[in-house]
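Trainee: One structure follows; several queries about it will come next.
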Amino acid sequence: MPILEGEKVTKYFGGLAAVSKVDFNVDQGEVVGLIGPNGAGKTTLFNLISGAFVPKPGVIRFKGENITGSKPHQICRLGLSRTFQEVKIFANMPVMQNVLLGSLFGTPTGMASANAAKEAAELLDFVGLSAVGKTPAGGLTLANQKRVEVARALATKAELLLLDELMAGLNPTETAEAMELVTRIRGRGVTIFMIEHVMKAIMGVCDRIMVLHHGEKIADGTPKEIATSKTVIEVYLGE
Ligand SMILES: Nc1ncnc2c1ncn2[C@@H]1O[C@H](COP(=O)(O)OP(=O)(O)OP(=O)(O)O)[C@@H](O)[C@H]1O
Ligand SMILES: [Mg+2]
Numbered sequence: 001m002p003i004l005e006g007e008k009v010t011k012y013f014g015g016l017a018a019v020s021k022v023d024f025n026v027d028q029g030e031v032v033g034l035i036g037p038n039g040a041g042k043t044t045l046f047n048l049i050s051g052a053f054v055p056k057p058g059v060i061r062f063k064g065e066n067i068t069g070s071k072p073h074q075i076c077r078l079g080l081s082r083t084f085q086e087v088k089i090f091a092n093m094p095v096m097q098n099v100l101l102g103s104l105f106g107t108p109t110g111m112a113s114a115n116a117a118k119e120a121a122e123l124l125d126f127v128g129l130s131a132v133g134k135t136p137a138g139g140l141t142l143a144n145q146k147r148v149e150v151a152r153a154l155a156t157k158a159e160l161l162l163l164d165e166l167m168a169g170l171n172p173t174e175t176a177e178a179m180e181l182v183t184r185i186r187g188r189g190v191t192i193f194m195i196e197h198v199m200k201a202i203m204g205v206c207d208r209i210m211v212l213h214h215g216e217k218i219a220d221g222t223p224k225e226i227a228t229s230k231t232v233i234e235v236y237l238g239e
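Going by our numbering, the sequence shown wraps up at 239, each residue one higher than the last.
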């Protein structure tokens, strides 16, 4: 069953079609990869899904509900959360407070804040940052800052998590750890839609991969299908 669906999703910046008539779906429980050369429209598509931009034209549905035109905070409350290509954490706040913010945002009013704190602590442990909970988030390595974002996103009670280049800028060890984290997130029952340039990672963890090129979807298939697709190889090797 699709948790996320898009129909003819389009976004123009002036005369540039950054995302053009893209049909897509992500099934409940799936890990779907989104790849494509620089400027292909991947982040713009995530911005459209998370409500930062409104598709024009196009329709986006989350859990069967039409969310086209909904605000980012409304979409997040429905259970769709994200991380950012350029990490957006509260650098001067302790790691724990960063995650707690997500927890409090995703907590129904009336629920004790103690519960939110407990949840944030559990998630901090889940991403392996318990030891640095009191450290200002800006003082962490990039890999760990990305983990703060993941924990904060999960804390909002995400059912679908959009990851925009979780592995960019990480060393091979950190990349392997990030892949392992993605697998564990899936183990919590969270559906994942992830943008990634690191092919080894995307091929290793995704059930299905979509390819964008110049704003258009040019391929959608299993990692094996994508790795052997003539069109995809041309797009990557041709540039
Ligand atoms: N806010 C904006 N205003 C104008 N143009 C934009 C804006 N955001 C993105 N673009 C343009 O839209 C196109 C798609 O950009 P986008 O960031 O979605 O690509 P991407 O696939 O995420 O690339 P990368 O792999 O480099 O992150 C690019 O040509 C980019 O310059
Ligand atoms: Mg991008």
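All residues carry an ideal CB built from backbone N, CA and C; glycine is no exception.
Everything numeric in this text was worked out from a predicted model, so none of it was measured.
Which value, in whole angstroms, describes the spacing of the CA atoms of residue 205 and residue 51?
Mentor: Distance between the alpha carbons of residue 205 and residue 51: 26 Å.
Trainee: I'd like the list of long-range same chain contacts for residue 40, defined as Cβ closer than 6 Å, with 5 residues on each side in sequence excluded.
Mentor: So the list reads 212, 213, once near-sequence residues are dropped.
Trainee: What is the DSSP secondary structure of residue 17, counted as helix, strand or coil?
Mentor: The answer is strand: DSSP assigns residue 17 an E or B state.
Trainee: Within 8 Å, do at least three Cβ pairs link the stretch 110-130 to the stretch 71-85?
Mentor: The stretch 71-85 is not in contact with the stretch 110-130.
Trainee: Kindly identify the DSSP beta-bridge partner or partners of residue 66.
Mentor: 61, per the DSSP bridge assignment.
Trainee: With a floor of 3 residues, list each beta strand (DSSP E) that falls wholly inside the stretch 188-219, ordered by position along the chain.
Mentor: Complete beta strand (DSSP E) runs here, min 3: 191-195, 208-213.
Trainee: Could you give the residue range of the beta strand (DSSP E) that holds residue 162?
Mentor: Counting along the chain, the beta strand (DSSP E) containing residue 162 begins and ends at 160-164.
Trainee: What is the DSSP secondary structure of residue 6, reduced to helix, strand or coil?
Mentor: Of the three classes helix, strand and coil, the one that applies to residue 6 here is strand, per DSSP.
Trainee: Residue 47: which of 28, 26, 30, 11 sits nearest, CA to CA?
Mentor: Comparing Cα-Cα distances from residue 47 to each of 28, 26, 30, 11, the minimum goes to 11.
Trainee: Comparing C-alpha positions only, which one of 93, 9, 142, 237 sits nearest to residue 53?
Mentor: Closest option to residue 53, Cα to Cα, is 9.
Trainee: Regarding residue 24 and ligand 1, is the C-beta to nearest heavy atom distance less than 8 Å?
Mentor: No.
Trainee: Does the stretch 16-31 come close enough to the stretch 147-156 to have 3 or more Cβ pairs within less than 8 Å?
Mentor: With the cut-off at 8 Å, the stretch 16-31 and the stretch 147-156 do not touch.
Trainee: Across which residues does DSSP place residue 27 in a beta bridge pair?
Mentor: Residue 27 pairs with 2.
Trainee: With hydrogens ignored, establish whether the beta-carbon of residue 165 is closer than 8 Å to any heavy atom of ligand 2.
Mentor: Yes.
Trainee: Leaving out five residues on either side along the sequence, give the residues of the same chain with a beta carbon under 8 Å from the beta carbon of residue 243.
Mentor: The structure shown does not extend to residue 243, since the chain is modelled only from 1 through 239, so no value can be given for it.
Trainee: Mind checking which residues open and close the beta strand (DSSP E) that includes residue 80?
Mentor: Where residue 80 is concerned, the enclosing beta strand (DSSP E) stretches over 80-82.
Trainee: Which residues mark the beginning and the end of the alpha helix (DSSP H) in which residue 223 is found?
Mentor: Per DSSP, residue 223 belongs to the alpha helix (DSSP H) from 223-227.
Trainee: Quick one: is residue 44 buried, meaning 16 or more other Cβ sit within 10 Å of its Cβ, or exposed?
Mentor: Label assigned to residue 44: buried.
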